[in-house]
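J.: Numbering (this note's numbering), first residue to last: 4 to 340. Note that CB positions come from ideal geometry on N, CA and C, so glycine has one too. Mind having a look at this structure? Questions to follow.
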Amino acid sequence: MNTFPWDEAAATGIGSHPGEDHAEALRIVFGELPALPYLPELPARGVGADMVGRGASLLVELPVEVQPSGWRFTDRPGRDAKRARDHLRRDLDGLEEAAQGYEGPFKIQVCGPWTLAGAVELRHGDRTLADAGAVRDLVDSFAEGLAAHVAQVRKRVPGITGLVVQLDEPGLPGVLAGTVPTASGFGRLRAVEAPVVTERLRSVLAALPEGTFPIVHCCAPEVPLAVLRGAGAKGVSLDASLLRRRDEDAIGECVEAGTAFFLGVVPGGDAPLADVGVVARPAVGLWRRLSFPSATLARQVVLTPACGLAGASPGYARAALAKCREAARVLREDPGD
4 MNTFPWDEAA
14 ATGIGSHPGE
24 DHAEALRIVF
34 GELPALPYLP
44 ELPARGVGAD
54 MVGRGASLLV
64 ELPVEVQPSG
74 WRFTDRPGRD
84 AKRARDHLRR
94 DLDGLEEAAQ
104 GYEGPFKIQV
114 CGPWTLAGAV
124 ELRHGDRTLA
134 DAGAVRDLVD
144 SFAEGLAAHV
154 AQVRKRVPGI
164 TGLVVQLDEP
174 GLPGVLAGTV
184 PTASGFGRLR
194 AVEAPVVTER
204 LRSVLAALPE
214 GTFPIVHCCA
224 PEVPLAVLRG
234 AGAKGVSLDA
244 SLLRRRDEDA
254 IGECVEAGTA
264 FFLGVVPGGD
274 APLADVGVVA
284 RPAVGLWRRL
294 SFPSATLARQ
304 VVLTPACGLA
314 GASPGYARAA
324 LAKCREAARV
334 LREDPGD
């Protein structure tokens, strides 16, 4: 069984926020989510602040630049790669200031290696995903860069008692199903076999420093739970509205194995927010149907928005995080037994 770094009735966010004011985003995160704050991402700042650009900026000795078709490997780092690193450095500077005196768990997130491989193009060819050797090089480089990033976060915020490291893998189901488009857009890349996906993902998670709690976020349908468990993920983050009854046997196996679930229970874009009982219902109902004791619910489940909040209004983003925090208390105080 895993030991979870957060206390009961925790809520957190997925990662992205609207706007360009990172200091304000940090104030909102620490104010609304004291049980499990995180480092917000602001893609509205432009190239280099996007999920793929930030992930690519962590690669070691694999320089990238932006072409009209997107991010591409190159012979030397371009200005867009420098911009991505500058964004990250400023974000860590802001975090260090905002988190002075903070002690407790914390979460960071970064684009996962398989989604990165499906997005970044080779120097003179297709997407990295099309070349098994290039994927291996990307994974090794990414694992080294992510480990260094984790060490930097711990150095900036020495009061972190448990660091949750979230890999964003929205592209993973497509990698397994063979639905990732080629660079031209006229074809589809061949599916990657599950054992290969598992092995590469495992190598990234195994390279993380001791004391981290790795989770994988996937807001697409058909989240490959068995692959994520096999790779060593201790938690899975998904959109609760996309779960189907046929998924519940696999979820039950994960719960029994001690896997944490970060359940997305409020929309990622502006929408009416239900009362806390309705927001908490997907988690409560799932636990009841699987016949797990309610005493474990508030510990093993963390409530989140369904996906990132980059497309939401600032007011809604703050309200959504607050609603997740309030609904998380229901899991502990009134689970509905």
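Can you list the beta strand (DSSP E) stretches of 3 or more residues lying completely in the segment 242-329, in chain order?
T.: 263-269 and 304-308
J.: Using only CA atoms, which one of Leu231, Leu141, Val50 and Glu251 lies nearest to Val63?
T.: Leu141
J.: Please determine, among Arg75, Gln112, Pro116 and Ala236, the residue with the shortest C-alpha to C-alpha distance to Phe145.
T.: Pro116
J.: Using the beta-carbon count (16 or more within 10 Å), is Phe189 buried or exposed?
T.: Result: exposed.
J.: Round the Cβ separation of Ala38 and Ala14 to the nearest angstrom and send it over; I've been treating them as touching at under 8 Å.
T.: 7 Å
J.: Taking Cβ to Cβ, would you say Val282 is nearer than 9 Å to Cys327?
T.: yes
J.: Using CA atoms only, rank isn't needed, just tell me which of Gly214, Thr185, Glu251 and Phe295 is closest to Lys237.
T.: Gly214
J.: What is the rounded straight-line gap between the Cα of Ala197 and the Cα of Val178?
T.: 9 Å
J.: What three-state label does DSSP hand Trp117 in the structure shown?
T.: helix
J.: So is Thr6 buried or exposed if we call it buried at 16+ other beta carbons inside 10 Å?
T.: exposed
J.: Under a Cβ-count criterion, where at least 16 other Cβ atoms within 10 Å of its own Cβ denotes burial, should Gly280 be classed as buried or exposed?
T.: exposed
J.: So, under 8 Å CB-CB, Asp83 and Val69 are touching, yes? Tell me the CB distance rounded to an integer number of Å.
T.: The Cβ separation is near 4 Å, so the contact holds.
J.: In three-state DSSP terms, what is Ser187?
T.: coil
J.: Whole-angstrom Cβ separation of Gly272 and Ala243, contact assumed at under 8 Å?
T.: About 16 Å; that fails the 8 Å criterion.
J.: Does the beta-carbon of Asp78 have 16 or more other beta-carbons within 10 angstroms, so that it is buried, or is it exposed?
T.: exposed
J.: In this structure, what does DSSP give as the bridge partners for Glu124?
T.: Arg75 and Arg130
J.: Is it the case that the segment 95-105 contacts the segment 23-32, given that we only count it when at least three CB pairs across the two stretches are under 8 Å?
T.: Taking 8 Å as the limit for Cβ pairs, the verdict is that the segment 95-105 does touch the segment 23-32.
J.: Thinking C-beta only, is Leu208 closer than 9 Å to Leu170?
T.: yes
J.: Determine the burial state of His220: buried for a count of at least 16 other Cβ atoms within 10 Å of its Cβ, exposed for fewer.
T.: buried
J.: Determine the DSSP secondary structure at Thr201, reduced to helix, strand or coil.
T.: helix
J.: Please give me, in chain order, every unbroken run of the alpha helix (DSSP H) with length at least 4 that falls completely inside the segment 130-169.
T.: 135-159
J.: With a 10 Å radius around its C-beta and 16 neighbouring C-beta atoms as the bar for buried, classify Ser240 as buried or exposed.
T.: buried
J.: Would you mind giving the Cβ-Cβ distance between Arg75 and Arg126, rounded to the nearest angstrom? I have them listed as a contact below 8 Å.
T.: 7 Å
J.: Tell me the rounded alpha-carbon separation between Pro46 and Ala313.
T.: 7 Å
J.: Since Glu44 sits in a beta bridge, which residues does DSSP pair it with?
T.: For Glu44, which the question treats as bridged, DSSP gives the partners Ser19.
J.: Could you compute how far the alpha carbon of Ala234 sits from the alpha carbon of Gln303?
T.: 19 Å
J.: What number of angstroms, rounded off, separates the C-alpha of Thr164 from the C-alpha of Gly107?
T.: Cα-Cα distance, rounded: 5 Å.
J.: Where does the unbroken beta strand (DSSP E) through Phe7 begin, and where does it stop?
T.: Note, Phe7: premise wrong, no beta strand (DSSP E); not H, not E.
J.: For Pro80, name the three-state secondary structure that DSSP assigns.
T.: coil
J.: For a test of the three-state rule: what should DSSP assign to Gly107, helix, strand or coil?
T.: Note: Gly107 maps to strand in three-state DSSP.
J.: Taking only three categories from DSSP, how would you classify Ala102?
T.: coil
J.: In terms of residue numbering, what span does the alpha helix (DSSP H) encompassing Val55 cover?
T.: Met54 to Ala59
J.: Mind checking which residues open and close the beta strand (DSSP E) that includes Pro217?
T.: Thr215 to Cys221
J.: Provide the residue span of the alpha helix (DSSP H) that contains Val63, from first to last.
T.: Where Val63 is concerned, there is no enclosing alpha helix (DSSP H), given that its DSSP letter is neither H nor E.
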